[in-house]
Structure formats: C-alpha cells, structure tokens
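Number of protein chains: 2
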Amino acid sequence: MDALEILIKHDIKPSVQRLAVMEYMLTHFTHPTVDEIYSSLSPSIPTLSKTTIYNTLNLFEEQGVVLYLGIDKKNARFDGNTSRHGHFRCKKCGAIIDIFNEKPGNVVLKSHPELIIDDIQTYYTGYCNACNK
Amino acid sequence: MDALEILIKHDIKPSVQRLAVMEYMLTHFTHPTVDEIYSSLSPSIPTLSKTTIYNTLNLFEEQGVVLYLGIDKKNARFDGNTSRHGHFRCKKCGAIIDIFNEKPGNVVLKSHPELIIDDIQTYYTGYCNACNK
DNA sequence: CTTTGTGCAAATTCTTTGCACCAAA
DNA sequence: TTTGGTGCAAAGAATTTGCACAAAG
Numbered sequence: 004m005d006a007l008e009i010l011i012k013h014d015i016k017p018s019v020q021r022l023a024v025m026e027y028m029l030t031h032f033t034h035p036t037v038d039e040i041y042s043s044l045s046p047s048i049p050t051l052s053k054t055t056i057y058n059t060l061n062l063f064e065e066q067g068v069v070l071y072l073g074i075d076k077k078n079a080r081f082d083g084n085t086s087r088h089g090h091f092r093c094k095k096c097g098a099i100i101d102i103f104n105e106k107p108g109n110v111v112l113k114s115h116p117e118l119i120i121d122d123i124q125t126y127y128t129g130y131c132n133a134c135n136k
Numbered sequence: 004m005d006a007l008e009i010l011i012k013h014d015i016k017p018s019v020q021r022l023a024v025m026e027y028m029l030t031h032f033t034h035p036t037v038d039e040i041y042s043s044l045s046p047s048i049p050t051l052s053k054t055t056i057y058n059t060l061n062l063f064e065e066q067g068v069v070l071y072l073g074i075d076k077k078n079a080r081f082d083g084n085t086s087r088h089g090h091f092r093c094k095k096c097g098a099i100i101d102i103f104n105e106k107p108g109n110v111v112l113k114s115h116p117e118l119i120i121d122d123i124q125t126y127y128t129g130y131c132n133a134c135n136k
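Just so you know, the sequences run in chain order A and B. Just add 3 to the spot in the first sequence (first one is 1) and you have my numbering. Just add 3 to the spot in the second sequence (first one is 1) and you have my numbering.
Encoded structure:
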C-alpha cells in the first residue's frame, strides 16, 4: 500500500507535505525524530516548516498511521511500522533496534481484564553489540 | 529496606534532600513527575529547589534506584519500584496503572542474542474502566 | 581545608499556539 | 467562496547548565 492509499484509507486529506512525510515513514524505518524528517525533506520542499511536520505527525498518530515512541528521553520518535513489535535502545550509542518477538492479536490482561488495550509497546534498554560493556 | 539503606547500598551519599526524595518514592508508587515530588516536599523543606529534584532523580536513575518512565509525553515520570513490571496509561484520563504480569530473570532475545538487556519496560495504552470508550 | 551538594537564575531545547496567507474542492 | 492546510513568529513548558554559596567529612 503506498502513501496516498494509506492517507485516504485513514480519512486524511492528502497534501504535498503529508504525502512526503508518509512516504518518508514508509521508506525510513529508522524511528526518526521531527528534526530528522524535516532535514531530509526540507531540500526538496523548500517552504516546508517544522510546524507542519509536528502537525502532520500528530495527525498521523491520532489516526493510527504512525506510532509515537517514548523510548528516547530527548525527542519524540515515530515509527511507520504500526504492527506490534518492541524496541531496544542502546544506553551508550543510542541506537534503536526493532524487536519482532511479540504475538499479535487482542490482549486481555489477567490482572486487569477491564482495561481496553489499544496498543502495547515494549522497550528494552541495554548495550548493543558494538557498545557491549 | 529503608531510604537510607538504599542510598548507602548504591553508593549515594545521603543528604536531607536525597533522603526525602527516596522516602517519597518508597511511599508513593504513583509514578510521580518532578513537579509532583517538588510540590509535595517543598513545604517541609522550604529551601528545596526543583533543580535538586532533577539532579537527584537523574542520579537515582543512573544508580538504578528508580526507573524512568517514558510513558507520558508531557513529563518524565519515575517509579520507585524497580522490579520488572509494565504500565498501562489511559488515553482519556491519563491514569497510569501498574501491570504485574512479567517474568523476572535475565532475558536473551532470540532474534538478537548479542544484545545485553538491562531493563525491559512494557507500556500498554488504551482506556481504563472508568473511561471505557 | 577540600570535596561535594544545593539552589538560584539563565539558557537551551522541544513542542505548541495564534494568526495571516495560500490551496483545493 | 468556503473550508482546511501551511508556515512564520512567538509563546510555553520541561529540563539542563553555570556559578556562587553552603554543608559535610
């Protein structure tokens, strides 16, 4: 499914900017920050503003098109892969690595069956191979 | 184990402020923000500054005495319970609930056996009983 | 004494807001 | 022509930093 189709499917009106951000998220599964997205797109869309990146990502997140990651203290990070998976963050170099080891499907917590779970995110913290203590 | 013992065990020099923060974390498992801790302690320690709360919590986190929670977009939250457990956040009312459903012990990821995992945190997002969609 | 912690004020950084202009239906 | 998107500048909020003073050993 391409960027345009995804936006339409989620009732998001396409625009040059929104399509560019969506396209970026579909080709860069690097958990980018707003700044990284802005820096990458800015040359090809010279009038682009960071405000629009914020607006767009907030909209995308509300519509479930991207995931917000709270794994990084400094900046918000976003993930275009909305399937259930975890993330590892290296304490030393800051690398973020996808962890695909989780079961999909609905979740009911034994201890709290009354909670409606829309999303699950698991953050692993430690040292990557390169930084290995 | 009381506040003083915990600090000593982790090579943290005790001070009035550090003891007060530690004591607070041991009696309020509410995932407080810096502001909440400051507001609570400030009356009894009138000279207390927010900078000291930041310093103290950052130190505590480095020493593994508290956990940093990235579950809340707006503020850093901290947890005095460092045993492995998850957290649920209600999208509507913002309530954060502890989820004790995880197995303790060392973890080696099948997909990334080379990663050294120091900490695992799982964040559940959805609607609590009261806010139930 | 000497080292370390505290706390004020200022600085920094990230994110949101207000508002005028622009674009699309 | 009306609705909604964009982007600039300013505001806001959370956190960190620099530095002088205080505390503790």
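For each residue, glycine too, the CB sits at the ideal point set by N, CA and C.
Output the boundary residues of the alpha helix (DSSP H) element that contains A/Q20.
V19 to T30
By DSSP's criteria, B/C93 is part of a beta bridge. Which residues make up the other side?
Looking at the DSSP assignment, B/C93 forms a beta bridge with B/G129.
In the DSSP assignment, the beta strand (DSSP E) including A/I102 goes from what residue to what residue?
I99 to I102
Give the secondary structure of A/L60 by DSSP, where H, G and I count as helix, E and B as strand, and everything else as coil.
The answer is helix: DSSP assigns A/L60 an H, G or I state.
Taking Cβ positions only, does A/S114 come closer than 8 Å to chain B?
True, the Cβ-Cβ gap to chain B drops below 8 Å.
Can you confirm whether the segment 10-26 of chain B touches the segment 67-83 of chain B when touching is taken to mean that 3 or more C-beta pairs between the two stretches lie within less than 8 Å?
yes
State the Cα-Cα distance for the pair A/L44 and B/H31, rounded to the nearest angstrom.
45 Å
Please compile the residues from chain B whose C-beta is within a distance smaller than 8 Å of the C-beta of A/I123.
T125, Y126, Y127 and T128
Count the C-beta pairs between the segment 89-102 of chain B and the segment 44-60 of chain B that are closer than 8 Å, then say yes if the count reaches three, no if not.
no
With a cut-off of 8 Å, does the C-beta of A/F91 fall near any C-beta of chain B?
yes
Give the range of the beta strand (DSSP E) segment to which A/L72 is assigned.
L70 to L72
Which of the residues in the segment 64-81 of chain A, read from start to end, lie with their CB under 9 Å from any CB of chain B?
Y71, L72, G73, I74, D75, K76 and A79
Hey, is B/E39's beta-carbon within less than 8 Å of any beta-carbon in chain A?
no
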